[in-house]
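Residue numbers (our numbering): 5 to 308.
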């Protein structure tokens, strides 16, 4: 079987854990100097720390985005009231006077932080230049516009900085994953030079036996017919990669589960000596040195 090392964190963490277990069991018996030098334990710890840091940075990024959204809502509320305050002076439809309020081309209030920031800054400048337009009881002043601007600028900058932090954490995680992948490849290479392709110790390191075949396909087209009163003749199609087959039966009301009854290399088998007047379920699985397939679709036979 081919051992494939995937460069994904879940796979690397799982495979490294198994490989470390194998090292603990067999490093004293086997000559694995390069794998020992790679220090799988340290690389796994580094990868786990980097993965956790990346996950935490994404959690913080979400919180920063929520903070921006919250400040955008309050900033838009301010701009909506401010727009109503200056409408008697600027008019109820867009004209160039509205440019002074940061509403260019339309008097719609911007929806995003990037567009709302210049609008708040312009509104602050407009009220500083024309304080007569302010309405302190409604909270429409240059100072309050500036407060909204400063809050949104700070929240937006924090969000942008956290995006950079997430990217940096991702780069570190990729670096640690690459180091872990390399260490596992070093171990795999040394095991190829040290172990027989069918040595069971491959499994202790979390690897498949290189000399083992892939698990066979499930046998298809199983047929089963009654012979006489209490025997069943079974046939099925050849399953790719199968070296032999296992036959199973369950007498309903007698067997709690399927019972192994035969191990043929051919594509047929006969079960004899079954109880009379019984319903019998039969099925077959395919086997090789790489393992056993799933069991086939069952066939039900009634004995006499």
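Beta carbons: idealized from backbone N, C-alpha and C, even for Gly.
(request) Quick one: using the 10 Å Cβ neighbour count with 16 as the cut-off for buried, is residue 172 buried or exposed? (result) As a position in the chain shown, residue 172 is number 168, starting the count at 1. So residue 172 ends up on the exposed side.
(request) Inspect the beta-carbon positions of residue 303 and residue 228 and report whether they are closer than 9 Å. (result) Sequence index remark: in the chain shown, residue 303 carries index 299 (1-based). Sequence index remark: in the chain shown, residue 228 carries index 224 (1-based). In this structure, residue 228 lies closer than 9 Å to residue 303 by Cβ.
(request) State the Cα-Cα distance for the pair residue 117 and residue 167, rounded to the nearest angstrom. (result) Along the chain shown, read from residue 1 onward, the residue named residue 117 stands at position 113. Along the chain shown, read from residue 1 onward, the residue named residue 167 stands at position 163. So the two alpha carbons sit approximately 15 Å from each other.
(request) Mind checking which residues open and close the alpha helix (DSSP H) that includes residue 80? (result) Residue numbering aside, residue 80 sits at position 76 when the chain shown is read from its first letter. DSSP places residue 80 in the uninterrupted alpha helix (DSSP H) bounded by 44-94.
(message) Restricting to runs no shorter than 4 residues, where is the alpha helix (DSSP H) found entirely within the region 9-49?
(response) 13-30 and 37-42
(message) For a test of the three-state rule: what should DSSP assign to residue 312, helix, strand or coil?
(response) Residue 312 lies beyond the range of the chain shown here (5 to 308); nothing can be said about it.
(request) Select from 50, 22 and 306 the residue whose C-alpha is nearest the C-alpha of residue 281. (result) The residue given as residue 281 occupies position 277 in the chain shown. Of 50, 22 and 306, the residue nearest in Cα terms is 306.
(message) Give me, in chain order, the residues of the same chain whose beta-carbon lies closer than 6 Å to that of residue 125; leave out the 5 immediate sequence neighbours on both sides.
(response) On the chain shown, position 121 is the one that residue 125 refers to. Correct list, in chain order: 153.
(message) Does residue 179 pass the burial test, meaning 16 or more other C-beta atoms within 10 Å, or should it be called exposed?
(response) Translated into positions along the chain shown, residue 179 becomes position 175. Residue 179 should be labelled exposed.
(message) Going by DSSP in three states, residue 227 sits in which element: helix, strand or coil?
(response) Your numbering for residue 227 matches position 223 in the chain shown. Of the three classes helix, strand and coil, the one that applies to residue 227 here is strand, per DSSP.
(request) Compute the Euclidean distance between the alpha carbons of residue 28 and residue 197, then round it to the nearest angstrom. (result) Residue 28 sits at position 24 when you count from the first residue of the chain shown. Residue 197 sits at position 193 when you count from the first residue of the chain shown. Their backbone Cα atoms lie some 19 Å apart in a straight line.
(request) Evaluate contact between the region 251-264 and the region 204-216, counting only Cβ atoms and requiring at least three cross-stretch pairs below 8 Å. (result) no
(message) Nearest by alpha-carbon distance to residue 266: which of 275, 131 and 260 is it?
(response) Locating residue 266 in the chain shown gives position 262, where the first residue counts as 1. The candidate whose alpha carbon is nearest that of residue 266 is 275.
(message) Considering only their Cβ atoms, is the gap separating residue 12 from residue 158 smaller than 9 Å?
(response) Position 154 of the chain shown, counted from the start, is the residue given in the question as residue 158. Position 8 of the chain shown, counted from the start, is the residue given in the question as residue 12. Their beta carbons are not under 9 Å apart, which means residue 158 does not touch residue 12 by this criterion.
(request) Give the single residue among 288, 7 and 277 whose Cα lies nearest to the Cα of residue 231. (result) Stepping through the chain shown from its first residue, residue 231 is reached at position 227. The alpha carbon of residue 231 has as its nearest neighbour, out of 288, 7 and 277, the alpha carbon of 277.
(request) Classify residue 129 as helix, strand or coil using the three-state DSSP reduction. (result) Here residue 129 is taken as the residue at index 125 of the chain shown, counted from 1. Helix, per DSSP.
(message) DSSP three-state label for residue 139, please.
(response) The residue you call residue 139 lines up with position 135 of the chain shown. Three-state result, residue 139: strand.
(message) For the beta strand (DSSP E) containing residue 208, name the first residue and the last one.
(response) Taking the chain shown and counting its residues from 1, one reaches residue 208 at position 204. From DSSP, residue 208 is part of no beta strand (DSSP E) but of the alpha helix (DSSP H) over 205-208.
(request) Measure the Cβ-Cβ separation of residue 79 and residue 120 and say whether it is below 9 Å. (result) As a first step, residue 79 must be located in the chain shown, where it is residue number 75. As a first step, residue 120 must be located in the chain shown, where it is residue number 116. Result yes, Cβ atoms of residue 79 and residue 120 sit closer than 9 Å.
(request) Could you tell me which residues DSSP pairs with residue 248 in its beta bridges? (result) Within the chain shown, residue 248 is the residue found at index 244, counting from 1. The partner list for residue 248 (beta bridge, DSSP) reads 291.
(message) Distance check for residue 30 and residue 67, CA to CA, integer angstroms please.
(response) What you label residue 67 is simply residue 63 of the chain shown in a count that begins at 1. What you label residue 30 is simply residue 26 of the chain shown in a count that begins at 1. One C-alpha to the other measures close to 47 Å.
(message) Comparing C-alpha positions only, which one of 89, 110, 183 and 245 sits nearest to residue 135?
(response) What you label residue 135 is simply residue 131 of the chain shown in a count that begins at 1. Closest by alpha carbon: 89.
(message) For residue 271 and residue 62, I'd like the C-alpha separation in whole angstroms.
(response) Residue numbering aside, residue 271 sits at position 267 when the chain shown is read from its first letter. Residue numbering aside, residue 62 sits at position 58 when the chain shown is read from its first letter. So the two alpha carbons sit approximately 56 Å from each other.
(request) Kindly confirm or deny that the region 88-108 and the region 45-57 touch, where touching means at least three C-beta pairs closer than 8 Å. (result) no
(request) With DSSP collapsed to three states, give me the class of residue 260. (result) By 1-based counting over the chain shown, the position of residue 260 is 256. DSSP places residue 260 in coil when its eight states are reduced to three.
(request) Tell me whether residue 195 sits in a helix, a strand or coil according to DSSP, three-state version. (result) Your numbering for residue 195 matches position 191 in the chain shown. Residue 195 falls in the helix class under three-state DSSP.
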